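Going down the list, the sequences are from chains Y and B. So for the first sequence, the working numbering puts the first residue at 593; every next one is plus one. So for the second sequence, the working numbering puts the first residue at -3; every next one is plus one.
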Amino acid sequence: MDGNDEQFENYLREFEPRRPRALELKRQSAPDSWRRLAAAAVVMIALGTSLWLVLHSPERQGFRTVSGDKAAVGIRLSIVPLTKLAETDPTQLDAELATASRRVLPDFRGEESTLQVLARK
Amino acid sequence: MESRKVSREDVTRLYHEHGPALLAYASSFVADRGLAEDLLHQVFAKLLEGGRSLPDVPAAYLYRAVRNAALNTRRNGFCETGLDATNGCFVHRGGDKEAALALQVALAALPDEQREVVVMRIWSGMTLDEVAAATGVSLNTVASRYRYALQKLREKLKPFQQTEEL
């Protein structure tokens, strides 16, 4: 490169490129690994909650509903005490079950029971 | 050598170092300065996407990315506005606006590879060795491209340079 070139280079350097407008960088979004971790945490929490609900459900604590209409009958037959009763006093168990069945099962002896209605027809 | 991920600080630093020269370079493809700035922003924003590694020669990557983005824009038929003093991307220290516009026109008329060498050398402050490494061609090729480019620019800017000397 000769002196002329250097002189011309210096001339070119007299021209300054304009500064571009400020760079607007968006906040970097969370990396994929963090997103995956967050998703896993949500799933774990959901699973944990479901498990807790199952473990603390009444059925799990010894109660098993025999009747479908709990609110109406207002009784729950507990498997565990009934089993104990069967082992110790079968007669008493029969009595308990008879009492419960009268409350739990539909009464077909009433005036307007299904059986009576059918019999009349 | 282990490559590291691009950080916001890297991007800001590179933008500060090469932004003006890259804007001039982009403006030689698309005359509209606003569009050239948009291209530049896209290229720098892309650097941050997806946890990329910092390129070995960031300047080479940036020049290539700007050129590709500018060519795509041109290919997609974006309207170019005419060149005027407010739209120009160079400012002459002595306030010669006409010379600044003439330089921009002269640069745009150069073949891509010659223009790239001149912008890298003069306004990004790279040595010819660095330009050769960045563009992946031999030093001799870079030197001859540079020489031809200077010759053409000198021809076109002669009237302005002479005025200045008077």
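For every residue, glycine included, the Cβ atom is placed at its ideal position computed from N, Cα and C. As the structure is a computational prediction, the values presented were derived from the model and not from experiment.
Closer than 9 Å at the beta carbon, the chain Y residues around residue i
i      : result
B/R111 : Here the premise fails: no neighbours, minimum Cβ distance about 13 Å.
B/G15  : P609, R611, P612, L615
B/F86  : F607, E608, P609, R610
B/F40  : L615, L617
B/R150 : N596, D597, F600, Y603
Cβ distance (whole Å) where residue i is taken to contact residue j below 8 Å
i      : j      : result
B/Y59  : B/A130 : 7 Å
B/V62  : B/A22  : 5 Å
Y/P612 : B/L36  : 6 Å
B/R71  : B/V2   : Going by Cβ atoms, the distance from B/R71 to B/V2 rounds to 27 Å, so no, they are not a contact pair.
B/Y144 : B/Q110 : 6 Å
B/A95  : B/L153 : 7 Å
B/C85  : B/L146 : Their Cβ separation, rounded to whole angstroms, is 19 Å, which puts B/C85 and B/L146 out of contact at 8 Å.
B/L124 : B/V138 : 5 Å
B/M116 : B/V127 : 5 Å
Y/L715 : Y/L685 : Because chain Y spans 593 through 713 in this model, residue 715 of chain Y falls outside it and cannot be assessed.
B/L44  : B/V101 : Not a contact, Cβ separation roughly 34 Å.
Proximal chain B residues relative to residue i, where beta-carbon distance stays under 8 Å
i      : result
Y/L639 : By Cβ distance, chain B contributes nothing, its closest Cβ being about 30 Å from Y/L639, past 8 Å.
Y/E578 : Chain Y is shown only over 593 to 713; residue 578 of chain Y falls outside these bounds and no answer can be derived.
Buried versus exposed call for residue i [16 or more other C-beta atoms within 10 Å across all chains shown]
i      : result
B/W119 : buried
B/P107 : exposed
B/H14  : buried
B/D92  : buried
B/E33  : buried
B/R29  : buried
Y/K662 : For Y/K662, the predicted structure reports a pLDDT of 47, less than 50, and the residue's modelled location is therefore unreliable. The matter cannot be settled from this model.
Y/A664 : Annotation note: pLDDT 43 at Y/A664 (below 50); position unreliable, coordinate value reported separately. Flag for Y/A664 reads exposed.
B/M122 : buried
B/P155 : exposed
B/Q38  : exposed
B/T69  : buried
Y/L629 : exposed
Residues that residue i bridges to, as DSSP identifies them
i     : result
B/V87 : Y/E608
B/S49 : B/K1
Secondary structure of residue i, DSSP reduced to three states
i      : result
B/K1   : strand
B/S163 : Summary: the structure shown does not reach residue 163 of chain B, with chain B confined to residues -3 through 162, and so no result is reported for it.
Y/E704 : coil
B/N72  : coil
B/F156 : helix
B/S134 : coil
Y/K713 : coil
Y/R694 : helix
Y/A614 : coil
B/V101 : helix
B/D28  : coil
Y/H648 : coil
Y/D594 : coil
Chain-ordered chain B contacts of residue i [CB-CB under 7 Å]
i      : result
Y/R605 : I118
Per-residue contacts from residue i into chain Y (C-beta, under 7 Å)
i      : result
B/G90  : E606
B/A96  : F607
B/A20  : P609
B/Y11  : L615
B/L146 : D597, F600
B/L36  : P612
B/L99  : F607
Residues that residue i contacts on chain Y, provided the C-beta gap is smaller than 8 Å
i     : result
B/E33 : P612, R613
B/T8  : L615, L617
B/L58 : Chain Y residues near B/L58: none, gap ~13 Å exceeds 8 Å.
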